[in-house]
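Working notes for the structure below.
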């Protein structure tokens, strides 16, 4: 990943704004209900991921484990950013992850080839602000039904932790805002309410330091019961 020698200018209070956005009205309504307590840091809207969408530093790809971006919303990303994004993502997956990025992990790469200067890009979408980073967070190994899994939780968990790690760097520009579509709700056919619930659990656990039983479980039975509640 390309890095500058110093952090970008401007203060950062450490609070990342997550913009949850999808064209599916039912999913948006479930998000609104689930995240109602966190409206200061989780913004929810309905519509196209680019057109009339909010500006953001990074965008999440709910990809497969092999970095192919030729289907679903990833195909939209490829049309917008060009196939250079898929090529660079797959290079990182092959070089750093032995060809496969498992569900539950995420990687962050620049949205554009490092040779392109971001200030030179004037996009028509996202309030005219160029998206700087792609966060690849698989919701499935290959295209498959994931309705009875905890994959939305695992993917959003991976996103949150990857952003935290990125922001802890002494050189990389901060990621202050992230644009997130539905996770596993189209090809994966995860019920919208279940997706929203799982994403909420990830957010509360790893952004709000709640639900300590997930990070420090007293027994396997505790997390087994949690897995059942999230996936059914």
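In full-length UniProt numbering, the protein residues as written are 1 to 232.
Just so you know, even glycine gets a beta-carbon here, dropped at the ideal spot from N, CA and C.
* Asked: Going by C-alpha distance, which of 121, 172, 151 and 60 is nearest residue 201?
  -> 151
* Helix, strand or coil: which one does DSSP assign to residue 112? -> coil
* Give, in chain order, every unbroken run of the beta strand (DSSP E) that is at least 3 residues long and sits entirely within the segment 32-74. => 42-46 and 58-61
* Could you give the DSSP three-state label for residue 140: helix, strand or coil? => strand
* To do: Just grab the DSSP bridge partners of residue 21 for me.
  => 45
* To do: Measuring alpha carbon to alpha carbon, tell me which of 222, 206 and 207 ends up nearest residue 213.
  => 222
* To do: Report yes or no: do three or more beta-carbon pairs, one from the segment 94-103 and one from the segment 60-77, lie closer than 8 Å?
  => yes
* To do: Have a look at residue 70 and residue 32 and give me their C-alpha separation to the nearest angstrom.
  => 30 Å
* Alpha-carbon to alpha-carbon, residue 191 and residue 225 -> 20 Å
* In chain order, what residues of the same chain have a beta carbon less than 6 Å from the beta carbon of residue 181, not counting five sequence neighbours either side? -> 22, 49 and 73
* To do: Flag this pair as touching only if the segment 155-162 and the segment 132-143 have three or more C-beta atom pairs under 8 Å; answer yes or no.
  => yes
* **Supposed close pair residue 235, residue 111 - CB separation, criterion 8 Å** => Absent from the structure is residue 235, since the part of the chain shown begins at 1 and ends at 232.
* **When 208, 231, 90 and 217 are compared against residue 42, the one with the closest alpha-carbon** => 208
* Asked: Excluding five sequence neighbours on each side, which residues of the same chain lie with their C-beta closer than 7 Å to the C-beta of residue 145?
  -> 188 and 189
* Candidates 97, 170 and 163, of which the one nearest residue 238 by Cα -> With the chain covering only 1 through 232, there is no way to say anything about residue 238.
* Asked: Where does residue 4 sit, in a helix, a strand or coil, going by DSSP?
  -> In this predicted model, residue 4 has a pLDDT of only 44, less than 50, meaning its place in the structure is not dependable; the value taken from the coordinates is given anyway. Of the three classes helix, strand and coil, the one that applies to residue 4 here is coil, per DSSP.
* Using 8 Å as the limit for Cβ to Cβ distance, is residue 58 near chain D? -> No chain D appears in this structure, which consists of one protein chain only.
* Asked: How should residue 19 be labelled, buried or exposed, when 16 other C-beta atoms within 10 angstroms of its C-beta is the threshold for buried?
  -> buried
* Asked: My guess is that residue 17 and residue 194 are in contact by the Cβ rule of under 8 Å, so how many angstroms apart are they, rounded?
  -> Wrong, their Cβ atoms sit about 24 Å apart, outside the cutoff.
* Nearest-angstrom Cα separation, counted from residue 218 out to residue 91 -> 40 Å
* Please name the residue or residues paired with residue 134 in a DSSP beta bridge. => 59 and 109
* **C-alpha gap between residue 143 and residue 75, whole angstroms** => 14 Å
* With 16 other Cβ atoms within 10 Å as the buried cut-off, status of residue 39 -> exposed
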